[in-house]
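Residue numbers (our numbering): 3 to 209.
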């Protein structure tokens, strides 16, 4: 069995865990796909800065919401994100990523605001399993460390104390071990999916 997690991918909007995430978030906005057209000089992951720079250059407006990702066989998450709407009304994701995606699934939330810092991702497991809960806890703790004090409003490379660096290193190896356990305890392809959708695993969370 392959115990290495594949890269995150964009889920189908009708995928059961997407609906579960919407319910978990009490989301009342609109959901749609947005084409990706990364700007050549944009900073990776700095979506709010990228969008503001684009607005300063050619106009348009910023649209705030959540980009939705699946970490295969592990979890689904909503990432605080901004896209650009052109003066003509076309909505585009202009922020580059480590891996190119033709489009993203976007939850537009008119009640969200950007106050100069990144919000934590909202994550839920694809199915109930304690190691996946542990993985989510690691991500939450990582967010706390990276956004502690003045770091909350910093971008790019950050400085950490020796104790924080040691904890970050320990969390990295702990997360890898939890991922290994999670990936070694998935259902058989034709078994009911653990997420409760009623579908076979191979046609649901076992894609």
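Backbone N, C-alpha and C fix where the C-beta goes; we use that ideal spot for every residue, glycine too.
This one's a predicted model, so the numbers in the text were calculated from it and none came from an experiment.
Short of 8 Å from the beta carbon of residue 184, and not among the five residues preceding or following it, lie these beta carbons of its own chain, in chain order: 75, 76, 131, 133, 134, 137. Within the stretch 155-191, the runs of alpha helix (DSSP H) at least 4 residues long that lie entirely inside it are, in chain order, 164-185.
Here DSSP, grouped into helix, strand and coil, assigns residue 90 to coil. Exposure of residue 156 is indicated by the presence of fewer than 16 other C-beta atoms within 10 angstroms of its C-beta. Residue 93 and residue 36 have their alpha carbons spaced roughly 6 Å apart. Contact check for residue 107 against residue 78 fails: the beta carbons are separated by 8 Å or more. When the alpha-carbon of residue 66 is set against those of 104, 58, 85, the nearest one is in 85. In the structure shown, the three-state DSSP call for residue 69 is strand.
In the structure shown, residue 152 falls within a helical segment according to DSSP collapsed to helix, strand and coil. In the DSSP annotation of this structure, residue 114 is not part of any alpha helix (DSSP H), being labelled neither H nor E. Comparing alpha-carbon positions, the option among 9, 10, 24 lying closest to residue 16 turns out to be 24.
Spatial neighbours of residue 193 in its own chain (CB-CB distance under 8 Å, excluding positions within 5 residues in sequence) are listed in chain order as 202, 203. The Cβ-Cβ distance between residue 140 and residue 182 does not fall below 8 Å.
Under the criterion of beta carbons closer than 8 Å, residue 51 and residue 58 do not qualify as touching, at roughly 11 Å.
Every beta strand (DSSP E) stretch that sits fully inside the stretch 32-66 and reaches 3 residues is listed by chain position as 32-38.
In the DSSP assignment, the residues bridged to residue 126 are 78.
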